[in-house]
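S.K.:
Residue numbers (full-length UniProt numbering): 1 to 277.
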């Protein structure tokens, strides 16, 4: 096991007699990384509220998460053998500052409606935001004989992504003659936007030896690369779909469907900003 621990609180119950119910989850975990240094830490707070009506169910959920995870690029391949270098499996080739830190928020709203004995509909909306920064001492070249490793101190600062998604479905149970049809009609929409602010690119050095590692000789860089910064990736898409499951006999089922998708992509980077998609 790895040094550390955690705990969880999970409480649920009704709110009066009006059909409302709640759930509250609080979770925290913090452990050492399995390699020779690094730390994992995650805290989650997730309240949710449900309402149960005669023909309608509504669920509203929120989650907030804060996290710290090692930014570990793993091992290095020996060009002479085509295999991983002959070092202990838990030895890292980066620095203690190799980590990603961030926080995330998400909201989900789901409404299920029973229209009659054969038809029901569902509407789901979800939103999420993820904000993070990372640092890394990135390996760029290795002399497998001497063990000299070239590394570059890189970083991503002020990165944030937003995502919105909506889905509407209609499910029906239809008998046409002696044949049963399970029908599904739907529409979905997604909008994803990612922004990475300062892209930091340090100078390369070869002061590190994978066979005799000495850590702490390469500090994090603060040199912002203008041509790589302000990265933007926006993707918007929507689609219509339908599906029919035909029950031919007790043993045979035929399923068919159609879907139409459309999307728009916008991407670019740099100061000044240059569009590339």
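C-beta: ideal position from N, C-alpha, C; glycine also.
Relative to the C-alpha of residue 99, which residue among 93, 240, 39 and 108 is closest?
M.R.: 39
S.K.: Classify residue 142: buried if its beta carbon has 16 or more other beta carbons within 10 angstroms, exposed otherwise.
M.R.: buried
S.K.: Specify the secondary structure class of residue 65 as computed by DSSP and reduced to three states.
M.R.: Strand at residue 65.
S.K.: Just reading off the beta strand (DSSP E) that residue 51 is part of, what are its end residues?
M.R.: 39 to 52
S.K.: Could you give the DSSP three-state label for residue 246: helix, strand or coil?
M.R.: strand
S.K.: Would you say residue 200 and residue 155 are within 7 Å of each other, going by their C-beta atoms?
M.R.: yes
S.K.: Could you give the C-beta distance for residue 256 and residue 264, rounded to a whole number, given that I count them as a contact under 8 Å?
M.R.: Not a contact, Cβ separation roughly 29 Å.
S.K.: From the DSSP output, which residues share a beta bridge with residue 24?
M.R.: 11 and 47
S.K.: Looking at residue 128: is its Cβ nearer than 7 Å to the Cβ of residue 102?
M.R.: no
S.K.: What's the gap between the Cα of residue 179 and the Cα of residue 251?
M.R.: 13 Å
S.K.: Taking residue 227 as the reference, which of 196, 208, 137 and 108 has the closest Cα?
M.R.: 196
S.K.: Contact defined as beta carbons within less than 8 Å: I believe residue 73 pairs with residue 138. What is the distance between those atoms, to the nearest angstrom?
M.R.: 7 Å
S.K.: Would a check of beta-carbon distances place residue 215 closer than 7 Å to chain C?
M.R.: The structure shown has no chain C; it contains just one protein chain.
S.K.: Taking all protein chains shown into account, do 16 or more other C-beta atoms lie within 10 angstroms of the C-beta of residue 136, making it buried, or fewer, making it exposed?
M.R.: buried
S.K.: Could you tell me which whole beta strand (DSSP E) segments of length 3 or greater appear in the region 207 to 258?
M.R.: 231 to 247
S.K.: For residue 269, count neighbouring Cβ atoms within 10 angstroms of its own Cβ and tell me buried if that reaches 16, exposed if not.
M.R.: buried
S.K.: Given this structure, state the Cα-to-Cα distance separating residue 215 from residue 97, to the nearest angstrom.
M.R.: Between residue 215 and residue 97, the C-alpha separation is close to 11 Å.
S.K.: Between the region 43 to 60 and the region 13 to 26, do at least 3 Cβ pairs fall closer than 8 Å?
M.R.: yes
S.K.: What's the C-alpha gap between residue 159 and residue 230?
M.R.: 9 Å
S.K.: Using C-beta distances below 8 Å, list every residue in its chain close to residue 56, excluding the 5 sequence neighbours before and after it, in chain order.
M.R.: Once the five neighbours on either side are set aside, the close Cβ partners of residue 56 are 111, 112, 113 and 114.
S.K.: Shortest alpha-carbon distance to residue 182 belongs to which of 232, 206, 120 and 212?
M.R.: 120
S.K.: Residues in the same chain with beta-carbon distance under 6 Å from residue 78, minus the five sequence neighbours each way, listed in chain order, please.
M.R.: 85 and 144
S.K.: With DSSP run on the structure shown, which of helix, strand or coil describes residue 201?
M.R.: It is a strand residue.
S.K.: Helix, strand or coil: which one does DSSP assign to residue 194?
M.R.: strand
S.K.: Roughly how many angstroms separate the alpha carbons of residue 10 and residue 4, rounded to a whole number?
M.R.: 21 Å
S.K.: Taking the alpha-carbon positions, what's the residue 234 to residue 124 distance?
M.R.: Looking at the two C-alpha atoms, the distance is approximately 22 Å.
S.K.: When you compare only the Cα positions, how much space is there between residue 207 and residue 157?
M.R.: 25 Å
S.K.: For residue 1, is the classification buried or exposed, using 16 other Cβ atoms within 10 angstroms of its Cβ as the cut-off for buried?
M.R.: Confidence in residue 1 is poor, its pLDDT being 49 and thus under 50, which makes the residue's placement unreliable; the coordinate value appears in the next sentence. By the 10 Å Cβ count, residue 1 comes out exposed.
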